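Heads up: the structure comes next, in structure tokens.
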């Protein structure tokens, strides 16, 4: 029942044109090691489903996204994501926009095998007017008009949690599960990266049973990637704000971005982590 | 009284934000649109709305109103994002939005400026604004009142206004004034101008015909107790002064 894989094996199972769901929220607990590796793969034309942050930014910068399905893209402490902005302003990606609450219902619908779930959120707004996948339905009991949010199904999903066992059971630390269980259930194949792999017998030494968010029944592969959500929030539920600022500044010109990419992103995950350590020592 | 007269613009704005919560009782103050509404929510809870539920800015409902940027301290509840999104539909929530554009009916845009297929400026995306405005009492915080924000027509309707089915738009606090939606047709009306600001200043900074009553009062000053709470308890580091200048 061991499901341990390498980053390269996981990313190698993603094909061009697929729909990829990415867990976390904004600049919080994103599976960045997997995203970084995907940026260096030959995959292209992805449809990405995400409460977007630096994951979407990096994939935009690498030219991997054809269509983004999202309610927002933000780095939280830096409100606007520079690569997402550039991609939109260049007209190089399509943006299927949702309200963040209706987006959750799309995830719930997909995770439960329902075609849609109804919500009043979005009525009257341009989210309904400009998103061709959104249609309205009448409440069969009262007649009220509601939006039928389509199931946000995915071919593959990536989530990052703090602890997992080799079977793929995964536990989160910190205060917020985000929606990672739904991503794991909504995708045909789901992959977990974790800060630290532990024995199954030790999972509950790490947190209460309620923190076991993702079950092996939904997981195809698991990989240990210490600091793998960097620079978004990770093992201690904190973000590397200084490095995030460095990332945003680097996006300011093609030259500085090329330098950033060469220094941090062109190698594998071990090279990235080593480059970040060296950068931090310079600060 | 000398203490009262030295209230800064940021403190006047925070007290005006606090006033938007009057009568709300035991609901969640989702003051996420900036430091000033967050301070206002905690100030309201510490004074005239003790039933309000406030957060640490993260998933914790705090047992007491905590200082801006401080850890939660004792916790009385858990409100991760999925519970926030449930609460939007449940309705026991008063939310603040920070619009990039707003028209006279309160339709607001936080998504992008320019055409939707290729915007001139991509902003956040609509986030929760469509559901918030449709289902919850909503207030707005605008730290720079200008004709770029208050426009005749928004480029994209993220949050719905009173002509598109808004639930209840409570009001708008800006660095210059307080506005509400009590013109006869539900559009924006000037309620008060902050000390040192004239009605003409506000009219000039607003890109549509604003309803201006014959008498426009001055926005109230924080009381001595409110100033003490802000300065000594809720924001001793003076974070409020970074967001708005006189």
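Protein chains in written order, with our numbering: chain A, -17 to 265; chain D, 975 to 1220. Cβ coordinates follow ideal geometry from the N, Cα and C atoms, glycine included. The structure displayed is predicted, hence computed values, not measured ones.
Span separating the alpha-carbon of residue i from that of residue j
| i | j | result |
| --- | --- | --- |
| residue 1144 of chain D | residue 44 of chain A | 43 Å |
| residue 167 of chain A | residue 202 of chain A | 11 Å |
| residue 1115 of chain D | residue 213 of chain A | 30 Å |
| residue 1092 of chain D | residue 1086 of chain D | 9 Å |
| residue 260 of chain A | residue 173 of chain A | 29 Å |
| residue 87 of chain A | residue 188 of chain A | 30 Å |
| residue 15 of chain A | residue 165 of chain A | 17 Å |
| residue 50 of chain A | residue 109 of chain A | 14 Å |
| residue 62 of chain A | residue 7 of chain A | 14 Å |
| residue 1098 of chain D | residue 37 of chain A | 15 Å |
| residue -9 of chain A | residue 39 of chain A | 23 Å |
| residue 194 of chain A | residue 206 of chain A | 17 Å |
| residue 1192 of chain D | residue 71 of chain A | 42 Å |
| residue 1151 of chain D | residue 1217 of chain D | 15 Å |
| residue 1187 of chain D | residue 1171 of chain D | 16 Å |
| residue 163 of chain A | residue 1059 of chain D | 16 Å |
| residue 228 of chain A | residue 57 of chain A | 13 Å |
| residue 262 of chain A | residue 181 of chain A | 32 Å |
Helix, strand or coil at residue i according to DSSP, with G and I counted as helix
| i | result |
| --- | --- |
| residue 1029 of chain D | strand |
| residue 233 of chain A | coil |
| residue 61 of chain A | coil |
| residue 1083 of chain D | strand |
| residue 128 of chain A | strand |
| residue 90 of chain A | helix |
| residue 1068 of chain D | strand |
| residue 1111 of chain D | strand |
| residue 1074 of chain D | coil |
| residue -10 of chain A | helix |
| residue 1089 of chain D | coil |
| residue 219 of chain A | coil |
| residue 1058 of chain D | helix |
| residue 1155 of chain D | coil |
| residue 186 of chain A | helix |
| residue 1127 of chain D | coil |
| residue 136 of chain A | strand |
| residue 142 of chain A | strand |
Residue i at chain A interface by Cβ criterion, 8 Å
| i | result |
| --- | --- |
| residue 1091 of chain D | yes |
| residue 1138 of chain D | yes |
| residue 1068 of chain D | no |
| residue 1019 of chain D | no |
| residue 1119 of chain D | no |
| residue 1221 of chain D | Any question about residue 1221 of chain D goes unanswered here, given that chain D covers just 975 to 1220. |
| residue 1055 of chain D | yes |
| residue 1096 of chain D | yes |
| residue 1102 of chain D | yes |
| residue 1111 of chain D | no |
| residue 1085 of chain D | yes |
Own chain, CB closer than 7 Å to residue i, minus 5 neighbours either side, in chain order
| i | result |
| --- | --- |
| residue 148 of chain A | -16, -15, -14, 179, 204 |
| residue -2 of chain A | 25, 26, 27 |
| residue 1067 of chain D | 1001, 1002, 1004, 1061, 1110 |
| residue 0 of chain A | 28, 137, 138 |
| residue 1103 of chain D | 1071, 1082, 1084, 1132, 1133 |
| residue 1106 of chain D | 1062, 1069, 1071, 1112, 1133 |
Any chain D beta carbon closer than 8 Å to residue i
| i | result |
| --- | --- |
| residue 7 of chain A | yes |
| residue 165 of chain A | no |
| residue 53 of chain A | yes |
| residue 1 of chain A | no |
| residue 158 of chain A | yes |
| residue 82 of chain A | yes |
| residue 45 of chain A | no |
| residue 66 of chain A | yes |
| residue 215 of chain A | no |
| residue 71 of chain A | yes |
| residue 79 of chain A | yes |
| residue 102 of chain A | yes |
| residue 108 of chain A | yes |
Sequence-distant residues of its chain with Cβ nearer than 8 Å to residue i (five each side left out)
| i | result |
| --- | --- |
| residue 107 of chain A | 81 |
| residue 275 of chain A | The structure shown does not extend to residue 275 of chain A, since chain A is modelled only from -17 through 265, so no value can be given for it. |
| residue 1010 of chain D | 984, 987, 988, 991, 1115, 1117, 1147, 1214, 1217, 1218 |
Residues near residue i in its chain [Cβ-Cβ closer than 6 Å; skip 5 each side]
| i | result |
| --- | --- |
| residue 225 of chain A | 213 |
| residue -4 of chain A | 25, 138 |
| residue 55 of chain A | 34, 38, 63, 66 |
| residue 1206 of chain D | none |
| residue 1182 of chain D | 1078, 1126 |
Exercise for the section: Determine, using beta-carbon pairs with one atom in the stretch 1050 to 1068 of chain D and one in the stretch 150 to 160 of chain A, whether at least three such pairs fall under 8 Å. Expected result: The answer is yes - the stretch 150 to 160 of chain A touches the stretch 1050 to 1068 of chain D, with three or more Cβ pairs under 8 Å.
Practice task
Could you say if the stretch 94 to 107 of chain A and the stretch 54 to 70 of chain A meet the contact criterion of at least three C-beta pairs nearer than 8 Å?
Solution key: No, the stretch 94 to 107 of chain A is not in contact with the stretch 54 to 70 of chain A.
Exercise for the section: Indicate whether the contact test is met: 3 or more Cβ pairs, each with one atom in the stretch 1119 to 1130 of chain D and one in the stretch 1013 to 1029 of chain D, closer than 8 Å. Expected result: At 8 Å Cβ cutoff, the stretches do not touch.
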